[in-house]
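The number in the numbering used here is simply the position in the sequence shown, starting from 1, with 45 added.
Just below is one structure, and these are the notes that go with it.
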Amino acid sequence: YVLNQFVKGDQATFDKLPASEVERLRRDLDAARGLIGQTPDYTSAGLDKLTDELRAKAPAVDQTLTEIKALLLGQANLGGGRQATDVPLADPRATVPDGAGFLVAEGVLGRIRRVAPDGTITTYVDQLHGEVKHNFYATVDMARAADGTLFVLSGKAFGVTRVKPDGTVEDVAGTGLPGRSAAGKPGTEVTLRPWTLCLDPDGTLWIGEDGQGDEPPRILALGPDGILREPAPAAWGRARVVGLARATDGALYAFLDAEGRPDELWRLAPGQQAWAPVQAEVHGEKQSDLAADPAGGLIVTEDQEGRVVHLGLDGVRRVISDAAAGSPIERPTDVWPLSDGRLRVIDGGGIRVYEIAKDGTIKAVAGTGALGADAAGDAIALNGPFGAAYSPDGVLHISEMASHTVNRWDGKELKPLAGSAKGFAGDGGPAAAARFDTPTGLIFRGDELLLHDQGNRRIRAIAKDGTIRTVAGNEAGQDRLAKGVGVPGSSLRISDGAYFALAADDTAYFTAMETNQVIRLSPAGEVTLVAGMGSKGGSGDGGEAGDAKLSTPLGLAFGPDGHLYLADCANMRIRRIRDAGGAKPMIEAYAGVDGAAGIALLGTPPAAGEKLADAAFAFPSALCFDKAGNLYVAEFGTLSLRLLAGLSPGVRELPLDLLPKVAARIRKIAPDGTVSVVAGPGSQFFGDPEAGDALVLPTGLTIDPQGRLVIVDGGANLIRFLPAGAY
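Set out below in structure tokens:
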């Protein structure tokens with residue numbers, strides 16, 4: 046009764062819950078029964094009253110119900126309160142000490158997690174679940190002062206932000222735009238390309254840059270006065286500064302991932318104004334790191350080689366951990382030496398945080414690797430889920446950006462199907478051994494699964510027998526398509542692909558966020574432009590779709606009328622493409638109010654029975670139709686747009702801090718044009734944007750074989766099922 050009254054489910058819903066949640070609910074309810082002091086009043090009102098009383102008396106019941114409201118697959122509340130080794134991490138990038146515990150930043154989703162000394166994990170910075178309500182565009186590095194002040198480097202926001210101990214968040218360096226302008230001014234007035242941080246005891250923050258083109262990187266110093274300076278200019282050629290460290294000899298060391306020459310280590314002696322090269326063997330890559338060993342010397346991570354190295358100040362190398370020699374740390378990136386001799390290392394390949402003891406013993410302290418659950422279903426480990434699709438035999442398939450995998454959920458267990466680690470490999474072989482880079486959209490074309498391998502700029506296909514191949518995409522191919530010209534898929538560099546739709550003739554359509562285009566992929570592998578001239582904007586309604594301008598096109602769905610519907614996210618509209626498979630597809634506005642008028646309407650809750658022409662859509666993402674012809678629209682809202690900004694240039698350019706506060710939601714457009722809220726504020730599901738089960742960043746929608754609406758919430762690491770007929 047409690048499940049039905051609170052979750053709006055039924056016994057069938059209960060039976061579909063992960064085993065761990067079933068057991069937890071039963072345990073909590075058994076404990077709550079002991080609090081009943083008299084025979085219950087079995088009327089509906091009496092049971093409602095009793096349920097509320099028990100939830101108030103037994104907080105565990107309330108928490109359990111919150112975490113499984115509707116039906117949740119994954120880690121509710123981002124796994125808060127659980128052991129950190131049972132909770133997946135989304136793209137861990139940097140770690141710093143936090144008392145006896147530590148903080149770890151999740152790069153792609155801009156969150157910062159806290160791991161306590163007892164090993165439990167909570168969320169420190171996150172717009173919904175965090176102690177500090179914020180997200181960063183894409184965290185690359187962190188530094189932490191003795192008073193608890195945290196400095197966070199956001200690679201795609203091109204700046205550094207300070208989080209004070211009281212939770213105040215403020216920018217301290219960078220203008221938010223890429224480029225390079227002269228230093229010697231307040232930090233927020235200097236345009237830069239930051240990549241790494243180092244904090245001196247006196248409060249000076251050193252920032253190493255990512256050089257661009259023929260411009261060498263700078264190493265800048267942000268003083269306590271807020272002025273950003275370049276104390277020791279250097280002309281060391283094309284490179285990226287991947288690490289900075291203040292060593293025990295008082296010198297500042299810089300680790301350069303050099304271009305066209307061996308990687309380099311440089312030294313700035315105390316009181317000097319010129320950098321000097323250090324004769325040392327180092328192998329830098331984009332995610333390598335440098336740290337000072339409190340016992341003397343430096344610690345270097347060489348991520349592509351899979352090594353952690355101690356480097357004496359005389360240049361002598363000693364390998365501490367080597368993946369080639371059997372170390373479980375596949376691709377060491379960030380490193381932090383502790384005063385007792387331990388090293389804390391992020392493994393970008395295994396998506397975990399490890400500690401290396403002085404005797405060389407290595408143990409995992411956070412993350413799961415997120416390659417599925419064990420047989421008992423005790424740790425449903427979703428990690429940055431993005432897309433969802435059902436196979437012809439009714440099994441749910443989920444793409445996971447942060448673990449670079451595709452997993453299958455058969456209703457009982459989460460099992461890996463494809464992907465083993467970040468990278469590109471596997472074509473012609475088993476998909477389970479393949480490597481992806483940030484997989485996003487997926488769809489079944491018969492028994493074959495099509496997948497956007499976004500970071501590798503490809504579309505790949507997994508056959509029924511489990512083999513994988515590339516069907517379109519080439520890292521060196523052309524960026525965008527011209528109207529009316531079909532080319533082989535192998536000649537196109539797939540641009541940040543996001544979503545698919547499948548026509549009745551098995552022709553696949555997909556969106557390219559970066560080039561703002563919709564593209565058709567024939568069964569023979571030819572690609573043709575459908576919509577979007579290749580530049581950002583919101584024009585063209587009523588004309589040929591190939592002449593229109595789009596802005597961050599995301600979800601696609603074919604309607605019962607045969608037309609292709611498009612979520613034009615940054616334009617806040619749903620657009621309809623007529624004759625998408627023809628020679629001259631036409632585009633028209635279907636729903637949404639764009640521009641300033643649309644932004645103004647976002648602050649007004651939608652009215653009951655709202656008509657299509659009056660509805661403002663808060664950055665629509667995924668789309669899907671049900672059998673009755675209802676169109677479901679996922680909306681990112683504005684609260685968590687920073688989570689997406691790390692992936693999408695179109696969203697990153699929006700004035701995020703000036704937008705009305707609108708929570709994520711799912712809305713339904715009925716065939717008669719009436720708009721209603723299905724999930725999120727104003728509905729019976731996830732209605733409280735401050736609650737632990739609130740929608741965060743809905744990236745995928747589909748209808749399951751039982752008629753339930755399936756919502757992929759990439760920002761919350763959850764798949765949410767709404768009971769059929771409840772919406």
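Note that beta-carbon positions come from the ideal geometry of N, C-alpha and C, so glycine has one too.
One Cα belongs to LEU646, the other to LYS178, and the distance between them is close to 24 Å. Within the DSSP secondary-structure output, THR573 pairs in a beta bridge with ARG565.
Per DSSP, GLY288 lies in no alpha helix (DSSP H) segment; the continuous beta strand (DSSP E) that holds it begins and ends at 284-291. Ranked by how close their Cα comes to the Cα of GLY627, the residues ALA590, ALA426 and GLY152 have ALA590 in first place. According to DSSP, ASN452 shares a beta bridge with ILE443 and PRO461.
Only residues of its own chain outside the window of five on either side were considered, and among them PHE196, LEU242 and LEU244 have a CB closer than 6 Å to the CB of ALA188, listed in chain order. The three-state secondary structure of GLY432, taken from DSSP, is strand. Secondary structure at PRO104: helix, using DSSP grouped into helix, strand and coil. Secondary-structure assignment with DSSP links ALA506 through a beta bridge to LEU495 and ARG514. Among the bridge pairs identified by DSSP, VAL755 is matched with THR747 and PHE766. Pairing THR165 with ALA228, the inter-Cα distance amounts to about 42 Å.
In this chain, the alpha helix (DSSP H) harbouring ILE644 covers 640-647. The alpha-carbon of GLY126 is positioned some 6 Å away from that of THR167. Judged by their CB atoms, PRO373 and ILE407 are nearer to each other than the 7 Å cut-off. The C-beta of PRO231 has fewer than 16 other C-beta atoms within 10 Å across all chains shown, which makes the residue exposed.
In the same chain as LEU427, and ignoring 5 residues on each side of it, the C-beta atoms closer than 6 Å to its own belong to GLY119 and ASN762, in chain order. Straight-line measurement puts the Cα of SER728 at about 20 Å from the Cα of ASP97. Taking C-beta atoms as the reference points, PRO475 and GLY511 count as a pair closer than 7 Å. The residue from GLY439, ILE157 and ARG71 with its alpha-carbon nearest to that of ARG138 is ILE157. Assigned with DSSP and collapsed to three states, GLY146 falls in strand. From the listed residues THR556, GLY760, PRO133 and ARG78, the smallest Cα separation to ASP613 is found for THR556. Per the C-alpha coordinates, the member of LYS94, ASP624 and GLY79 positioned closest to ASP86 is LYS94. Rounded to the nearest angstrom, the Cβ distance from ALA553 to SER535 is 15 Å, too far for a contact under 8 Å. Counting along the chain, the unbroken beta strand (DSSP E) around ILE272 starts and ends at 272-274. Assigned with DSSP and collapsed to three states, SER89 falls in helix. At least 7 Å separates the beta-carbon of ASP216 from that of LEU198. Between PRO239 and ILE252, the C-beta spacing is below 7 Å. Classified as buried, ILE619 has 16 or more neighbouring CB atoms from the shown chains inside 10 Å of its CB. Shown here, SER535 sits in a helix according to DSSP, grouped into three states. Sorting VAL170, ASN501 and ALA409 by C-alpha distance to the C-alpha of LEU154 places VAL170 at the top. ALA337 and VAL361 have their C-alpha atoms spaced approximately 15 Å apart.
According to the DSSP assignment, PHE555 belongs to the beta strand (DSSP E) that extends over 553-557. Of the other Cβ atoms in all chains shown, 16 or more fall within 10 Å of the Cβ of VAL208; this residue is therefore buried. Where GLU215 is concerned, the enclosing beta strand (DSSP E) starts and stops at 214-218. For ASP717, there is no enclosing beta strand (DSSP E), as DSSP marks it with neither H nor E. Setting aside the 5 residues that flank it on each side, GLU493 is surrounded in the same chain by ALA506 and ALA508, each with a C-beta closer than 6 Å to its C-beta; the list follows chain order.
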